[in-house]
Structures are given as C-alpha cells and as structure tokens.
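Just so you know, the sequences run in chain order S and P. Going by the UniProt record's numbering, the residue at position 364 of the first sequence is 364; the numbering climbs one at a time, nothing skipped. Going by the UniProt record's numbering, the residue at position 19 of the second sequence is 19; the numbering climbs one at a time, nothing skipped. Note that CB positions come from ideal geometry on N, CA and C, so glycine has one too. All figures in this text were calculated on a predicted structure; none of them were measured in a lab. Quick notes on the structure that follows.
There are 2 protein chains.
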Amino acid sequence: MRAANRLSASEAARLLQRRELSAEQLMRDCLAHIEAREPEVRAFVQLDAASALAQARALDAGPVRGPLHGLPLAVKDIFDTADLPTECGSPIFAGNRPRVDAAAVALCREAGAIVVGKTVTTELANMTAGITRNPFNPAHSPGGSSSGSAAAVADFMVPLSLGTQTAGSIIRPAACCGIVGIKPSFGRVPRAGVKPNADSMDTVGGFGRTVADAALLASVLTGDARLRETPLPESLRIGLAPGPDWAQAEDDVTDCWERTARALAAVAVRCEDAALPSDFADVAAVQSAIQAAETAQALAFEHLWHRARLSEALVALLDRGRNVDALTLAALRARTERWRREIDGLFERHDVLLAPSAVDEAPEGLQFTGDPVFCRPWSLLGLPCVHLPMGTGSSGLPVGLQLVGRLGDDHRLMAAAQWVMQRLG
Amino acid sequence: MRAANRLSASEAARLLQRRELSAEQLMRDCLAHIEAREPEVRAFVQLDAASALAQARALDAGPVRGPLHGLPLAVKDIFDTADLPTECGSPIFAGNRPRVDAAAVALCREAGAIVVGKTVTTELANMTAGITRNPFNPAHSPGGSSSGSAAAVADFMVPLSLGTQTAGSIIRPAACCGIVGIKPSFGRVPRAGVKPNADSMDTVGGFGRTVADAALLASVLTGDARLRETPLPESLRIGLAPGPDWAQAEDDVTDCWERTARALAAVAVRCEDAALPSDFADVAAVQSAIQAAETAQALAFEHLWHRARLSEALVALLDRGRNVDALTLAALRARTERWRREIDGLFERHDVLLAPSAVDEAPEGLQFTGDPVFCRPWSLLGLPCVHLPMGTGSSGLPVGLQLVGRLGDDHRLMAAAQWVMQRLG
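Spelled out as structure tokens, the structure:
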C-alpha cells in the first residue's frame, strides 16, 4: 500500500470516516515524509509532531468529528494559534504566543483537522521572501506569501493547508507549486486572529492537491456545505478574461492559455471573450495603491515603532501607502465600486471567467516570490478564485490558470472547476 | 482657572500646540479627576498614571507631534496595547498581553495622544454588561458596549476615547452619556488589533464632548484631515429617517425628535421625510441575523473551547449565529446590498439623515446596556453616524439624536453636525 500521505484529502477523509484508515497512520506517514523532505523544502517554521500524533490518537479513539476528521493541516504563520507561536515572518513577532486560535483554525479543528505546524510566510504576508523552496526544484521560489502552505501540500507533506490572499498570495503560490488554491469570496471566511494587511481585500483560503480537496476545506471555512455538495453543471459558459496586463505573460503561460481555451471552446456551451470594463487598464495600479494605503494603516504600529526591524521593501511599501491621500483613495474606491457592479453584470452571460494566475513558471532564486499582477483585479473586486494546475512549462515547473466566479457563488465556482478539470483530463 | 480636564479636546489641543498649556498639567488634572470619580463611575479596567505622566512630560520636552499632541486618550479594552493588558471584558483574556498596539491606537499615539488606560467593555463587545455606571446617575447604565470610553469622556476624566460599533456600541453609549460619538464610514479606520465581532460591520470610532472634538479624533483615525477642516455648509437638506422601529421610542425620545425636527425645519433649506426602502421593515432583524452569524464565526474558538467561560447570553447569541445557514445568510446579504444602493441614492436629495439613537434615556440598573435597534440599520449599511446630545429627558438623563451620512462623506457629515449644533444652540 502506498504511503497514506499520498492520498488526496477527499480520499483520506472517506477512509478515515469509515475507519479504514486511522488518523494516527495518516499522521505518521505525513510526519515521516516531512522529516525526509523538510531539510530541502523548508515549509515549516513550527512543527509539533508529538502533539499532532497525540491528537490523531485521540480522534481515532472518539467519534467522527466532522468533514476534516483526522486530516493533517498546515497553517500559515500569520494565523494565531493558542498552542504554537505565531511569528508572522517578522522578528517583531519572534516568540509571540497568542491567547486564542484564529477563527479559521478553530473551525478546521472543530471539523476534525489536526494542526501539524505553522508554515513559512513572507514578512507579514507581504513581498519579502521566506526560506521555503519550490518542491519541484529547490532553486526556485514556491511563490508567496503563503509559501510554506503551498509547498507543504505540493510536496505531499500534508493534504491541506491554510493561506491568505490580499493581492495574489494564494493563487500565485498554488500556480508555482502546481496545486489547487482557493480564495473564497471576500467576507465569507472569518479573519479574526489573522494578521491584517489590507482590510478591504484580505481573504482566508487554502490549498489542496485536487479541486475536491480545496472545496472540502473551503466548505468548512465558509460554513457552506454547498461547496462540497454542488453537482457538476451540464456545461459551462466561460468568459475569457486575460485582462489588461496580459502582455506580461511569458510563453509558457500563453501556451497554456491557448491550449486550454481551445480545449474548453470544444466542450463548453460558450467560450468567448468577456467584456471587461472600458477603463480597466490600470486595475492593477488601483489595487496596488489601495493595498498599500490600507496596509500602511493596518501596520501603523510596526511602521512607526519598529521600522528598523522591517525589510526595506516593506518600509518602502508602507511609506508609499502613507502618501496616498484621502481624496485619491476615495476616488480609487469609487472606481472599484463601479467595477464591482460592472463585472457582476458579466456573470449574467458567463458562469465563470478564465484568467491567468502568474506571469511565468516559478521564479528562479528564493529572493523574489513573483509578480501578483494577474491576481490583483480579482482580489480588488473580492471575487472567488481557484487556481487549476495544468501541467508543466519549459523548465519543468508547474503552469496553470485560474477560474474566477461571481461574488458569493463559490459553490458554483468549485463545481465549474471540477467540470473543467474533468474535461481537460 | 478651571481645571484643564474641563477643556474640550479642541480647546486643549490649541493651548497645547501654542505651549500655553503643558501636557503634564492637563494629564495631572485628568488623573486627579479620575482618582476622585473612578470609585463611583468605574470607567477603567487598567490605568497607568505614572506612565501617562512620563509620556506627558516627554511630549512637553519635544516638538509638537500632531493634531492630538498631549491629549489624554482612553481606549476600549478590546484594542490591543503593547504596554497594557487587553482583556476584552472576558475571563478568557485575563492578563492577555498583546505584542503590538492596535493600528488605531498607534495612529493616535503618532498624532501625540497619550493613552491613560483601558476602559470597560461589555463581554467581548457584546451585550453582557461591565461594571461602569452612568456619570449622570450611578444607578443607570452608561450604555454599551463601549461603556467605559463613553463614561470617561462624559465625566471629564479624559477629553477623547476610542470605541467600536457593530450594532450600536458607539452611538448608544454616547446617547446614554450625553456626549458626541462618531462611527466613521465602514472600512475607513484600520481594525488591526481590535477584537473582531461581525466582520462586515465592526467599525472603530470614538467619543468627544463636542462635534469638533469627535471630528478631530476621527480625522486622525481615518487619516483624512477634511474631517476637521471642512467648512460648515450654508444650509442643509435634511432627511427625516425615524425608521421602521420608531414605535419603540419612548416619550423622552419622541419629544426630543419633534422638538428637533421642528427647529431644523425652521432653519434648513429642506427638512422632509426620507423615502426608505419599501421592504425596510425588518432591517433590524436582518442586521441582527448577519451580526449573529458573523460573530459566531469570529468567536469560533471561544464558542467551541471556552463555552463555560462565556455568559449565557453570549452563548445563546453564538448558538443562534451558528444556526443561520449559508443560503439564508446569502439572501440577507443580497438584500443588504440592494438597500445600500437604494439608500445611497437618497443622498442625492438629502445631505444627511436624522435618526434616533436610543429608544429611551439610559436604562436603570447596570445589567442591561440598552437596545441598539435604532442603530442597526446604519451599522448594517456601513454609513457614518454621529450622535448629538440634545439636553435631558424626564429622568434628568441625556437624550439626543444621530445624523447619518453618505458612505465616505464623513467630512460632510461632521460639518453638517456642527451646523445642526449651532442652530439648535
């Protein structure tokens, strides 16, 4: 029998609930794999194997707790945990011990998940990279900011992990690591106990190796069982939305796009260009300015009193954010609000939008986690997104694309994603 | 010379910036008054007089820091502070020491404010009362959840204080204590480091004894100097919005309403009924259900693992919130979104809406902080609100009304509030 850590979360959950697999066995296989691979991948900042095993045994001895019963879970280190430090990728938070779990962690634990450890995040979930390496090639970045969470799932260390996205911090590492990443609709998953960045965009989500796995996790996070129960559609009306920054895509991404669009056009009831707003050209700049302004607000204490312990890049971002004046910010928010209404209208014609996730395969080197430009529009609008892995590019690293759904239609988005993955084979 | 703690924040700020009043003198007067009155009022859970005085002396010795230079500030005990415990009115957080200041606290300190102490909050900023008494009559509640912050300002202990509102937790205690309370537009003040309740409504704001004082504080919280600089309008177009629950108002409130509406009709360019949405009758129930559902999400850890340490009332609310299913919640949010658009349209015809703040004078007894029913619509919609004190009712306790502004128009709202207060004398 293959090691249980190779099972998808959904397969493992089924076996665990039938008691055909013990939580202890699954945990042992995951921990053994972590022990073997962690020196190369470096996904974790905190690991508590003894506690995880004890929790697994306790679950085996009791009733089935919920849909995540017995599943090992890795948690990005910006989620508060009552039993493990929460250091946010910053020396300012070294040894920080929160009193309570983040709400999202509590919901996963209630559903039976076992927190194995905390994963590497970029500095305060911004752009300065952590130490995690891409499981496909350790000379490459895993993407960020949810770097360790994506790498841990991609490397079969754990079946599921939690991440957050403000610009592209779930979708992009999912793309770099060749797994499924889900950013639910804005406002549907509690953020209590998660270190804030930009309040109007920060979203809790996570990673799995299959669409069903990501949907399973998101169903618990949102408290919406429809995410794992919605039947697949008969067909799909797909809107193609390469977006205003499409020229930045490298060949591996454009090849993937053309291949996918062609394949979908052959099977979907409709597959055509989506009519994005006429003034959408600078959407990435609008998102970036609002993010900088809100992040400068949220990190005011760190910015003002711990400047020397922040990276230069983060200080520059916060300085930039402080300089966005109130009038400019109000105007950018007004445009965003109009875009939200216009794009919402698009979903009368399209069930989902197809969009690029990253400009290229994972960047070489560990200094730069990559450019979130293709994720900025959908993060700004708060729309649910799911990254779908679609093979590898010319360097042998993963490529893929994202589907974007209507606000609140996360269940339909996940059903559509399953439909697409079945059709693409 | 009268004691400096009697000065309004704006008066004191002017004297402090001209160095005609020292921060130390102001702090000494505030601390002396706190010492005299705190045994009766019980506004504070933490007070650090020595540190506050040291900070005052340091400010006196240095340059003027900003618009709040030298002003004593009281902070609701759900805001994280790096130098004082943050206990959230719950034994679960007894002795809790956060690593960093809440962003809103950091912004006030940057502007020169001195945190005197942490103020009593209801349990986790929900309905179970703390120990604070109404400064006007200690047998009555100060309102909640920002109980201590409102009482401390009303009693001249400090000129300014921070609070939060999810349903009515700023406007209502302001009404009970006869001071000005401001709840800025949703999403304009950073919430990082503030214990969350309902993510789509939680708003940071505060208290002062005059409109100018509340505007001064809010200008720092929002980073929008227009809040303290906008010239008063020539006249106002006022929409009367008693709302669908108006029948719950007691005589002291209806008397205040009629008196005020009559006085404003005589001086405003327009003063007429606002056309609220046709299906607005159950807006309070919609707000209440969304709040319960989101609070149950945000407090998942406390609800699941510390049930025995929560009040029965809070457990009941969280249980109720968990039972709001995803489909119902989605439908309630869709209605809310439509209401937001409809009410936004009203502001083409009205500069501000006049609405009641509380159903009656402050409740007798300390068990019940009062009903937020009149605040629920505006909290649900995210609109900026300011409570204006307007004398006393038949029990000699304060009464007043609130003005509600358009989303993002906080500066115009505060200018309108000044205009109204000048006209009402």
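Within 10 angstroms of the Cβ of residue i, are there 16 or more other Cβ atoms? Answer buried if so, exposed if not.
i        : result
S/Arg333 : buried
S/Arg2   : exposed
S/Gly205 : buried
S/Glu258 : exposed
P/Asp410 : buried
S/Thr328 : exposed
S/Ser235 : exposed
P/Val396 : The question names Val, but residue 396 of chain P is Gly in the sequence shown. Counting Cβ neighbours within 10 Å, P/Gly396 comes out exposed, since fewer than 16 surround it.
S/Ser394 : exposed
S/Asn134 : buried
P/Val269 : exposed
S/Ala266 : exposed
P/Asn126 : buried
P/Arg262 : exposed
S/Glu302 : buried
S/Asn323 : exposed
P/Leu349 : Here residue 349 of chain P turns out to be Arg, not Leu, going by the sequence shown. Counting Cβ neighbours within 10 Å, P/Arg349 comes out exposed, since fewer than 16 surround it.
S/Phe186 : buried
Since residue i sits in a beta bridge, which residues does DSSP pair it with?
i        : result
P/Ile238 : P/Cys271, P/Val352
P/Lys195 : According to DSSP, which records beta bridges pairwise, P/Lys195 is partnered with nothing at all.
S/Asp171 : Sequence inspection shows Ile at residue 171 of chain S; the Asp mentioned does not correspond to that position. DSSP lists no partner for S/Ile171.
S/Pro389 : S/Gly400
P/Ile114 : P/Pro72
P/Asn134 : P/Asn137
P/Thr119 : P/Phe44, P/Lys76
S/Val180 : S/Gly208
S/Glu364 : S/His140
Measure from the alpha carbon of residue i to the alpha carbon of each residue in the options, then state which is nearest.
i                      : options                                : result
S/Arg172               : S/Arg188, S/Met421, S/Val105, S/Gly400 : S/Gly400
S/Asp101               : S/Phe79, S/Ala113, S/Thr119, S/Ile114  : S/Phe79
P/Ala113               : P/Leu84, P/Ile343, P/Leu217            : P/Leu217
P/Pro398               : P/Pro231, P/Ser141, P/Glu24            : P/Ser141
P/Ser161               : P/Gly66, P/Arg209, P/Ile131            : P/Arg209
P/Ala313               : P/Ala111, P/Gln25, P/Ala129            : P/Ala129
P/Thr222               : S/Ala300, S/Gln165, S/Ala289, S/Ala154 : S/Ala300
P/Glu24                : P/Ala54, P/Phe374, P/Ala316            : P/Ala54
S/Trp339               : S/Ser146, S/Glu229, S/His69, S/Asp282  : S/Asp282
P/Ser51                : P/Asp83, P/Asp77, P/Ala43              : P/Asp83
P/Ser311               : P/Ile92, P/Ala58, P/Gln402             : P/Ile92
P/Ala293               : P/Gly89, P/Gly144, P/Gly321            : P/Gly321
P/Ala416               : P/Leu407, P/Val386, P/Gly408, P/Gly425 : P/Val386
S/Pro372               : S/Ala326, S/Gly243, S/Arg99, S/Arg262  : S/Gly243
P/Ala296               : S/Ala214, S/Ala358, S/Arg412, S/Ala106 : S/Ala106
P/His69                : P/Ala174, P/Leu26, P/Gln291, P/Leu353  : P/Leu26
residue 426 of chain S : S/Arg99, S/Pro389, S/Cys271, S/Leu318  : This structure leaves residue 426 of chain S out entirely; chain S is present only between 1 and 425.
P/Arg48                : P/Ala58, P/Arg42, P/Leu31, P/Val41     : Note on identity: in this sequence residue 48 of chain P is Asp, with Arg being the wrong assignment. Closest option to P/Asp48, Cα to Cα, is P/Leu31.
P/Val115               : P/Ser90, P/Val75, P/Ala58              : P/Val75
Give the interface partners of residue i over in chain S, defined as CB-CB distance under 7 Å, in chain order.
i        : result
P/Val149 : The displayed chain sequence assigns Ser, not Val, to residue 149 of chain P. Going along chain S, no residue has its Cβ under 7 Å from P/Ser149, so there is no contact; the nearest lies around 20 Å.
P/Glu258 : Neighbours of P/Glu258 on chain S: none; closest Cβ ~36 Å, over 7 Å.
P/Leu304 : Ala106, Glu110
P/Ala330 : Gly408
Run down chain P in chain order and give the residues with a C-beta less than 9 Å from the C-beta of residue i.
i        : result
S/Arg412 : Going along chain P, no residue has its Cβ under 9 Å from S/Arg412, so there is no contact; the nearest lies around 12 Å.
S/Phe93  : Arg99, Val100
Which residues in chain P have a C-beta closer than 7 Å to the C-beta of residue i? List them in chain order.
i        : result
S/Asp224 : Ala326
S/Asp101 : Phe301
Give the residues of chain S in contact with residue i, contact being defined as C-beta atoms less than 9 Å apart.
i        : result
P/Ser200 : Gly187
P/Ala192 : Lys195, Pro196, Asn197, Asp199, Gln297, Ala298, Leu299, Ala300, Phe301
P/Asp255 : The premise fails here: P/Asp255 is roughly 38 Å from chain S at the closest Cβ pair, so nothing lies under 9 Å.
Flag residue i as yes when its Cβ comes closer than 8 Å to any non-hydrogen atom of the ligand NAD, and as no otherwise.
i       : result
P/Pro98 : Summarising the ligand content, the structure contains no ligands, and the ligand NAD is consequently not present.
Which bits of chain S does residue i rub up against, with CB to CB less than 8 Å?
i       : result
P/Ser79 : A small fix is needed here, since residue 79 of chain P is Phe in this sequence, not Ser. Residues of chain S passing the Cβ test: none, with the nearest at roughly 11 Å.
For a contact meaning CB atoms closer than 8 Å, what does residue i contact in chain P?
i       : result
S/Asn96 : Arg99
* Any chance you could list the alpha helix (DSSP H) runs of at least 4 consecutive residues sitting entirely within the stretch 14-81 of chain P, in chain order? => You should have 23-41, 49-61.
* Asked: Going along the chain, which unbroken runs of the alpha helix (DSSP H) with 4 or more residues stay wholly within the stretch 297-334 of chain P?
  -> Complete alpha helix (DSSP H) runs here, min 4: 300-305, 312-322.
* Sequence ranges, alpha helix (DSSP H) only - wholly within the stretch 145-170 of chain S, length at least 4 -> If we require 4 residues or more, the alpha helix (DSSP H) runs fully inside the stretch 145-170 of chain S come out as 147-154.
* Considering only residues of the stretch 201-269 of chain P, which uninterrupted beta strand (DSSP E) runs meet the minimum length of 3 residues and lie entirely inside it, listed in chain order? -> Here the runs fully enclosed are 203-208, 237-240.
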